[in-house]
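For the sequence shown, this note's numbering assigns the number 1 to the initial residue and increments by one for each residue that follows. Think of the CB as a built atom: it goes at the ideal place given N, C-alpha and C, for glycine as much as any other residue.
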Amino acid sequence: MRRIAFINEKGGTCKTTLCVNMGAWLARRREKRVLVVDLDTQGHAGKALGVDVRGLTPTVKDFLLGVATPEEVVRSTAVPRLDLLPANKDLASFPVEVAPHQDRTEKLRTAIDALPPDRWDMVLFDAPPSISLVTENVLRAAREIVLPVALTYLALDGCAEIMQSLARLRAERGEAPGVTLIVPALYRKTQLADEIMARLRERFPDALARTMLGWSVKVDEAQSHGLTIFEHAPSSSGAHALAALADELLERAPAAEAKEEGQEQGAAAEG
């Protein structure tokens with residue numbers, strides 16, 4: 001089961017857009033069983049999937065605290081094979097409630113470890129846009145990182161901060177999730193955008209995505225209707241870009257995951 005965090009410590013970088021729509025493409029068109037875990041108090045992942053999260057209970061906070069089972073919290077969505085662990089403002093009290101716990105940074109990893117290993121193929125974490133205890137939990141639970149970088153100076157700075165957080169985690173634990181994909185987002189043809197792209201190519205030659213996600217009004221429209229781009233405007237440039245990015249993520253399965261999948265296929269063939 002791949003565990004992939006969509007994360008940048010700056011807001012407005014298209015984290016939720018990528019997480020929800022790439023998950024939807026992988027579920028609907030590539031027939032992967034996908035769980036989107038919303039870890040932002042705004043609940044935008046749920047809202048983008050047409051789920052009314054206001055006042056919803058139980059939520060991901062109850063899942064993290066161990067007071068609700070996955071069966072009680074997980075919601076199915078309109079997209080076949082795509083499930084949601086919803087969040088809302090109730091998540092804001094999580095840091096205070098777990099502050100006395102020694103394992104407060106491991107709550108998410110422990111909860112995900114307890115999931116049935118054959119229920120989902122991919123777990124996608126929509127991380128909050130800030131450094132917080134929830135972010136620390138995400139970095140410890142994930143095995144891979146998708147790092148969206150809006151082509152502005154400040155988003156590039158957020159990218160650098162994530163890399164520093166990963167380095168610190170690696171120093172503390174001896175391991176940290178790897179950066180599988182860096183996605184240039186909100187691209188417009190400007191000198192600054194092209195300069196940032198050049199810096200990304202130089203710094204991340206292997207992880208940089210082949211596809212850029214440009215600004216698209218159709219994506220905003222889809223989210224306002226609680227739909228994925230593939231339901232709202234499947235022939236739009238935004239849909240084509242998000243589909244290509246999802247397929248690229250699928251191609252980039254880490255070696256350990258690919259080996260595990262190959263072993264499972266071999267065992268099935270022998271059986």
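Per-residue burial, residue i [other beta carbons within 10 Å of its own, 16 or more giving buried]
i: residue 145; result: buried
i: residue 131; result: exposed
i: residue 79; result: buried
i: residue 121; result: buried
i: residue 223; result: buried
i: residue 61; result: buried
i: residue 59; result: buried
i: residue 189; result: exposed
i: residue 184; result: buried
i: residue 277; result: Nothing can be reported for residue 277, as the shown portion of the chain is limited to 1 through 271.
i: residue 103; result: exposed
i: residue 258; result: Note that residue 258 scores a pLDDT of 48, beneath 50, so its modelled location is shaky; the value from the coordinates is reported in the next line. Its Cβ having fewer than 16 others within 10 Å, residue 258 is exposed.
C-alpha gap between residue i and residue j, whole angstroms
i: residue 177; j: residue 2; result: 11 Å
i: residue 221; j: residue 232; result: 8 Å
i: residue 244; j: residue 215; result: 16 Å
i: residue 7; j: residue 180; result: 12 Å
i: residue 198; j: residue 55; result: 45 Å
i: residue 57; j: residue 85; result: 11 Å
i: residue 5; j: residue 162; result: 12 Å
i: residue 271; j: residue 248; result: Because residue 271 sits at a pLDDT of 44, beneath the cut-off of 50, its placement in the model cannot be relied upon, and the following sentence gives the value as read from the coordinates. C-alpha separation (whole angstroms): 31 Å.
i: residue 109; j: residue 43; result: 20 Å
i: residue 47; j: residue 228; result: 10 Å
i: residue 107; j: residue 124; result: 16 Å
Residues sharing a beta bridge with residue i, DSSP
i: residue 56; result: DSSP, once it has assigned bridges, lists no residue as partnering residue 56.
i: residue 36; result: 84 and 124
i: residue 208; result: 182
i: residue 76; result: 83
i: residue 230; result: Beta-bridge pairing links residue 230 to no other residue.
If you scan the region 79-161 from start to end, which runs of the beta strand (DSSP E) of 3 or more residues do you find wholly inside it? 82-85, 122-126 and 144-150
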